[in-house]
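Trainee:
2 protein chains.
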Amino acid sequence: MRARPVLYSYFRSSCSWRVRIALALKGIDYETIPINLVKDGGQQFSEEFQTLNPMKQVPTLKIDGITIGQSLAIVEYLEETRPTPRLLPQDPKKKAIVRMISDLIASGIQPLQNLSVLKQVGQENQLPWAQGAITSGFNALEQILQSTAGKYCVGDEVSMADVCLVPQVANAERFKVDLSHYPTISHINKTLLALEAFQVSHPCRQPDTPAELRA
Amino acid sequence: MRARPVLYSYFRSSCSWRVRIALALKGIDYETIPINLVKDGGQQFSEEFQTLNPMKQVPTLKIDGITIGQSLAIVEYLEETRPTPRLLPQDPKKKAIVRMISDLIASGIQPLQNLSVLKQVGQENQLPWAQGAITSGFNALEQILQSTAGKYCVGDEVSMADVCLVPQVANAERFKVDLSHYPTISHINKTLLALEAFQVSHPCRQPDTPAELRA
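Listed in order, the protein sequences are those of chains A and B.
Counting along the first sequence from 1, when you hit position 13 you're at 17 in the working numbering, and nothing is skipped either side.
Counting along the second sequence from 1, when you hit position 57 you're at 61 in the working numbering, and nothing is skipped either side.
1) Can you find a CB in chain B that lies within less than 7 Å of the CB of residue 58/A?
2) Considering Cα atoms alone, identify which of 151/B, 77/B, 140/B and 160/B is closest to residue 117/B.
3) Tell me, please, whether the CB atom of residue 71/A is closer than 7 Å to any CB atom in chain B?
4) At the 7 Å Cβ level, is residue 148/B part of the contact set with chain D, yes or no?
5) To the nearest angstrom, how far is the alpha carbon of residue 123/A from that of residue 86/B?
6) At the 7 Å Cβ level, is residue 36/B part of the contact set with chain A, yes or no?
7) Taking only the alpha-carbon atoms, compute the straight-line gap between residue 51/B and residue 105/A and give it to the nearest angstrom.
8) Please list the partners that residue 116/A has in chain B, where partner means a Cβ-to-Cβ separation under 7 Å.
9) With a cut-off of 7 Å, does the C-beta of residue 144/B fall near any C-beta of chain A?
10) Roughly how many angstroms separate the alpha carbons of residue 74/A and residue 128/B, rounded to a whole number?
11) Should the stretch 208 to 216 of chain B be called in touch with the stretch 7 to 19 of chain B, which here means at least 3 C-beta pairs below 8 Å?
12) May I have the straight-line CA-CA distance separating residue 57/B from residue 205/A, to the nearest angstrom?
13) Taking just the CA atoms, how far does residue 218/A sit from residue 18/B?
14) With C-beta atoms as the reference, is residue 188/B less than 7 Å away from residue 153/B?
15) Please report the distance separating the alpha-carbon of residue 70/A from that of residue 20/B.
16) Locate the beta strand (DSSP E) running through residue 73/A, then write down its first and last residues.
17) Can you tell me the Cα-Cα spacing of residue 48/A and residue 42/A, whole angstroms?
18) Count the other CB atoms within 10 Å of the CB of residue 55/A; is the residue buried (16 or more) or exposed (fewer)?
19) Taking Cβ-Cβ distances shorter than 7 Å, what residues in chain B pair up with residue 81/A?
20) Would the stretch 130 to 139 of chain A and the stretch 148 to 165 of chain A be scored as touching if the rule is three or more Cβ pairs under 8 Å?
21) What residues from chain A crowd round residue 68/B, counting only those whose CB sits closer than 8 Å?
22) Does any C-beta atom of chain B lie closer than 7 Å to the C-beta of residue 108/A?
Right, dumping it as structure tokens:
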């Protein structure tokens, strides 16, 4: 019998949320170990955690005897080893589109507005900086989704692209980006949020969610 | 017969170089269309190019009737459709490590030091900003590679991780990062640069390389 995977996660981390969605979609039972990115100067900087993830970032997943960092590498591993339900289309061309959208968010938007970068740009610049990064990415994403979307980001099957989309929209809301400019993004996001896997993995329902933010 | 793929590329773009290496390793003949990221205020902002890539970024590959942006999505597509020689190990655990290292560079380092971000931090902050992003990523990468590397990043086969490593080391050199702190990274980089695929794809040997930078 396989041991239960252990996810090092922070309730508010959008990259952790991606992995929580994938685990929920695939029905994988796991244990959460919360890593608070702000408390105690950031628990990700502890010596113990750095041994697990030298980048000092969540998520990190212990599974099948290995430790994996980087959310998309984790999702791809889950897809390889627990293929049902699939998060990547079988058709290579559609699969490329799913990966392109995922990478657009994971390399093109999120890294520019994450906590460690915002710390560096200074308090008064944080909001416009984050808004700029998200707006520029969403302008592109809206245009792409207009030709790839069905019910979800790529056609009518939930995919890795959707796993990336919902947490990024939550960040956009947190940084007060006007989402009325992005009708396709907003519509897909709303459809996805109605699915159970997106609800149980939501930042407002994690073991480390502070009481005042629980829903 | 398949039409020749078309790569929209900039000689100095490290993400374009990743794709050029993968194409060279797999022996795929292609046409280059240079997109100069600085000339004319940036040719990536032209209406024509934005239609191909709404993120206004290189690389972009036209292949098999589709257009793909995001370098790792492109490399994964090449791997699916032109599997020889393989750039991802067959073993799912090793594959996860290759993807983790690739994503560490593609999401955790490069986006923080790319041209559009450096423009935003202001002229006098550019060098320390880029050095900080690369140093922080390389500290983690050096530690990871010490346990994963053989001749190359993961064992003794060239992989997608190597495709990401070499262009990132070139960026580190450009931003004057002291590489003596990273003996494993430096050694693997040197070994890889001796391979033909890394040489023909090098920024100093592209159709759009300015005469004074050619080698």
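Here a beta-carbon is modelled for each residue, glycine too, at the ideal position from N, C-alpha and C.
Computed from a predicted structure; not experimentally measured.
Mentor: Per the coordinate set shown:
1) yes
2) 140/B
3) So no, residue 71/A is outside the interface.
4) The question asks about chain D, but that chain is absent: this structure's protein chains are A and B.
5) 43 Å
6) no
7) 21 Å
8) For a Cβ distance threshold of 7 Å, residue set 115 and 121 of chain B lies close to residue 116/A, ordered along the chain.
9) yes
10) 31 Å
11) yes
12) Distance between the alpha carbons of residue 57/B and residue 205/A: 32 Å.
13) 43 Å
14) yes
15) 31 Å
16) Following the DSSP letters along the chain, one finds residue 73/A inside the beta strand (DSSP E) bounded by residues 70 to 73.
17) Residue 48/A and residue 42/A have their alpha carbons spaced roughly 9 Å apart.
18) exposed
19) 96 and 100
20) no
21) Near residue 68/B (Cβ distances below 8 Å), the residues of chain A are 97.
22) yes
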